[in-house]
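Undergrad:
Chains as they are written, first to last, in full-length UniProt numbering: chain X, 1 to 388; chain W, 1 to 388.
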């Protein structure tokens, strides 16, 4: 029974391509894990092997991303969307413990994901403060407005300021968040689509979270990195008095952390895939090496697209361009289908843009190799020459 | 690269053994799914292949379990524990739409899982009605008290009555729930640990749910089967007025159903494993065949244990004994470790009882074969003869 495959050139936005050697190991482990006679999806999450998977994954992540002892790492199910719900309730509880009040969470909106996060907080009964909405400021998503246009919230009233470090749909990524504008406010970042793609200074963050299914695994696990000082909450009774919604128990951060991410049955096999991806990244040389590769990949593609300014259009302002999701359109929109068809003919797949943006999107996550991007760049080049 | 394994005899309570042929197919599909060149964990949940996995799984389940058109099937992440939170908020919303009030959910408590479900509803701010608590009635869990000892709630006040059809920890299973005692009340059953183990008359139920990781898959997916008439809710504003907590958006049943279980990224690979398990069960002959096998397996083990009444103890009353989780202890408790060691020596594993009950527990889920149970029964026999 063969577990071989031709190396894919898949540029999907997530779930996304994973290293073939990782999947081959995972496939074997699905049948028989560590010689136990049963697979990694069958072992108990309370067994030594099951607990080992969680612990190794945490250790590897701490090591790779230099996560300081001030921060805790844990896993939840439900994806980033569940984070949109659990972040306001959990972080407002921590804020209430310190301040005695509910406060108003602040949101920086630079694309559809941060917008959704803000809307969910409001739906749950939080009165959010919008720091900036790039769509209102610029008429469309595609830039990060200058900080002098932002409305900075008052720290005493603000449990946290939330932003999305990389907007997958719109291809907008922060080069660096203006931390210094928010003294005394906890900073929360959704890094779902640039998770582990670059070094991060965690001392700046109250919370960083990301779904696994872009850079580090398959769908079904979300990784959270939280400042330990944010884990002390008032009682449920007190929270109710302050009109702070009670978090469902499986998403109550202190509860989950107290049970090493296994308050309820953890998806062990999906965590094991993350473990293997991280192990692979350590062997490859670590986060700086990966970042250099990511820079090379995106530079190559952006510079190729820029060679044909009358043919291709790059809707994102240069300073806000994502290293992970390269969004581009063909000025003659009628050529989109032809582009995708010809690309697919040479086995370059997953390039169709998000339905809300149109055109093309090439996601260059960690597992997408430089040779793959070279093939895509060559195709981009050839297609422009043939059709311009 | 070999994907073979010796057939396991694993009796763990969940995650649990799965059919080897299912795992072998899943392993191949993890690398390359349907010749697409990428695996089932890498494809987009919005692609034809990804949507196909969800649709086939729903179709197979409908077919196998004869789910009527009055009911909808959908998938969530988070396991049964997330159901403990999402059921009171969702079903109370449906109840409020019809009655204009919040009501008080009713709970039948026959073991630790139904107890946890009731506690979570209370934690979220619901004033629950306890129909019966077997522990209070009998001093311990291990029986289902006679229905004449139950306090039957008033239908006009009761959004639903909740029970756990099979208590995994205590090995207590309903032969048949007394539906007729609750006219006009929606009945909700947690079937996590006897999911698809027997036919079910869904016309009796408002909602049936179960985590995949016992009978039908790996951890990370929970399956819900809900009556369509329970999907109409008042506005968030009206819910707030009635003091009904707002459900996090990824667990709002009408929202999830409106997006075919993919409101947010669904764990496609974990759903695919369910798809393969169901396909396998269809090939095997369906639910009645599986039920007959399950009856044979549990009869064999219980009758073997009963042959040694001075040596083994069966803590669960005969009428409430689970077909899925056979709980037993050795009267001389000092022999437990020896039993587990000798069993492990002959490759019978996963037999340790839950920490809260002690002794042994043999989980005889669908994938555990009759020959495996025969081996276990022979061992039970031999061990008693050697040590009594």
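Here a beta-carbon is modelled for each residue, glycine too, at the ideal position from N, C-alpha and C.
As the structure is a computational prediction, the values presented were derived from the model and not from experiment.
With a threshold of 9 Å between beta carbons, is residue 4/X in contact with chain W?
TA: So yes, residue 4/X belongs to the interface.
Undergrad: Give a yes or no on whether 9 Å exceeds the smallest Cβ distance from residue 30/W to chain X.
TA: Interface residue, yes.
Undergrad: Under DSSP, the alpha helix (DSSP H) around residue 29/W begins and ends at which residues?
TA: Per DSSP, residue 29/W belongs to the alpha helix (DSSP H) from 20-31.
Undergrad: If distances are taken between C-alpha atoms only, which option among 229/W, 81/W, 110/W comes closest to residue 135/W?
TA: When only C-alpha atoms are compared, the closest one is 110/W.
Undergrad: Can you name the start and end residues of the alpha helix (DSSP H) that residue 170/X belongs to?
TA: Here residue 170/X belongs to no alpha helix (DSSP H), and DSSP marks it neither H nor E.
Undergrad: Tell me whether residue 304/X is buried or exposed, calling it buried when 16 or more other Cβ atoms sit within 10 Å of its Cβ.
TA: It is buried - the Cβ of residue 304/X has at least 16 other Cβ atoms within 10 Å.
Undergrad: Tell me whether the beta-carbon of residue 141/X lies closer than 9 Å to the beta-carbon of residue 172/X.
TA: Yes, Cβ-Cβ distance for residue 141/X and residue 172/X is below 9 Å.
Undergrad: State the start and end residues of the unbroken alpha helix (DSSP H) segment that holds residue 361/X.
TA: Unbroken run through residue 361/X is the beta strand (DSSP E), 360-363; no alpha helix (DSSP H).
Undergrad: Identify, in the order they occur along the chain, each residue of the same chain with its Cβ nearer than 6 Å to the Cβ of residue 45/X, setting aside the five sequence neighbours on each side.
TA: Cβ within range, chain order: 262, 265, 266, 268.
Undergrad: Out of curiosity, what's the CA-to-CA distance linking residue 315/X and residue 250/X?
TA: The straight-line gap from Cα to Cα measures roughly 40 Å.
Undergrad: For residue 122/W, collect the residues of the same chain with a Cβ closer than 7 Å to its Cβ; drop the 5 residues on either side in sequence, then sort them by chain order.
TA: The residues are 128.
Undergrad: When the distance is taken between beta carbons, is residue 7/X closer than 9 Å to residue 369/X?
TA: A contact, by the Cβ cut-off of 9 Å.
Undergrad: Mind checking residue 93/W: buried by the 16 CB within 10 Å criterion, or exposed?
TA: Buried is the call here.
Undergrad: Within this structure, are the beta carbons of residue 192/X and residue 290/X separated by less than 9 Å?
TA: Cβ atoms of residue 192/X and residue 290/X: not closer than 9 Å.
Undergrad: Any beta carbon of chain W sitting closer than 9 Å to that of residue 15/X?
TA: Judged by the 9 Å Cβ criterion, residue 15/X is in contact with chain W.
Undergrad: With distances taken between CB atoms, is the gap from residue 126/W to residue 102/W smaller than 9 Å?
TA: Cβ distance < 9 Å, so residue 126/W and residue 102/W count as in contact.
Undergrad: Name, in chain order, the residues that DSSP records as bridge partners for residue 107/W.
TA: Answer is 130/W, 162/W, bridged to residue 107/W.
Undergrad: With distances taken from CA atoms, which of 215/X, 276/X, 335/X is nearest residue 352/X?
TA: Minimum Cα distance to residue 352/X is reached at 335/X.
Undergrad: What residues in the stretch 39-63 of chain X have a beta carbon less than 9 Å from any beta carbon of chain W?
TA: The residues in question are 39, 40, 41, 42, 43, 44, 45, 46, 47, 50.
Undergrad: Would you mind telling me which residues of chain X sit closer than 7 Å to residue 23/W, beta carbon to beta carbon, in chain order?
TA: Simply 30, 31, 39.
Undergrad: To be precise: take each residue of the stretch 248-269 of chain W, compare its Cβ to all Cβ atoms of chain X, and keep it if any distance is under 8 Å. Which residues remain?
TA: Residues passing the 8 Å Cβ filter: 248, 249, 250, 251, 263, 264, 265, 266, 267, 268, 269.
Undergrad: Give, in chain order, every unbroken run of the alpha helix (DSSP H) that is at least 4 residues long and sits entirely within the stretch 2-83 of chain W.
TA: Runs of the alpha helix (DSSP H) inside the stretch 2-83 of chain W: 20-31, 48-65.
Undergrad: Buried or exposed for residue 72/X, please, with buried defined as at least 16 other CB atoms from any protein chain shown within 10 angstroms of its CB.
TA: Buried, since its Cβ has 16 or more Cβ neighbours within 10 Å.
Undergrad: Using Cβ-Cβ distances below 9 Å, what residues of the stretch 226-237 of chain X are close to chain W?
TA: Listed in sequence order: 236.
Undergrad: Within 10 angstroms of its Cβ, does residue 161/W collect 16 or more other Cβ (buried), or is it exposed?
TA: It counts as buried.
Undergrad: Which residues does DSSP list as the beta-bridge partners of residue 352/W?
TA: Paired residues: 360/W.
Undergrad: Could you say if the stretch 84-100 of chain X and the stretch 143-152 of chain X meet the contact criterion of at least three C-beta pairs nearer than 8 Å?
TA: Result no; under three Cβ-Cβ pairs closer than 8 Å.
Undergrad: Check each residue of the stretch 326-357 of chain W: if its Cβ is closer than 9 Å to any Cβ of chain X, include it; give the result in chain order.
TA: Residues passing the 9 Å Cβ filter: 347, 349, 350, 355.
Undergrad: Using three-state DSSP, classify residue 244/W as helix, strand or coil.
TA: Coil at residue 244/W, not helix or strand.
Undergrad: Name, please, each residue of chain X whose Cβ falls closer than 7 Å to the Cβ of residue 82/W.
TA: Near residue 82/W (Cβ distances below 7 Å), the residues of chain X are 248, 250.
Undergrad: Quick check: the Cα distance between residue 19/X and residue 9/X, rounded to an integer number of angstroms?
TA: Those two C-alpha atoms are separated by around 11 Å.
Undergrad: Given this structure, state the Cα-to-Cα distance separating residue 294/X from residue 257/W, to the nearest angstrom.
TA: Rounded to whole angstroms, residue 294/X to residue 257/W spans 37 Å at the Cα level.
Undergrad: Taking only three categories from DSSP, how would you classify residue 312/W?
TA: Correct three-state label for residue 312/W: strand.
Undergrad: Hey, which unbroken runs of the alpha helix (DSSP H) at 4 residues or more fall wholly within the stretch 267-346 of chain W?
TA: As far as the stretch 267-346 of chain W is concerned, its whole alpha helix (DSSP H) runs of at least 4 residues are 268-284, 287-306, 336-345.
Undergrad: Any beta-carbon of chain X closer than 9 Å to the one on residue 276/W?
TA: Not closer than 9 Å to any Cβ of chain X, the Cβ of residue 276/W fails to qualify, so no.
Undergrad: Using the beta-carbon of each residue, which ones in chain W are nearer than 7 Å to residue 123/X?
TA: Neighbours of residue 123/X on chain W, chain order: 236, 246, 249.
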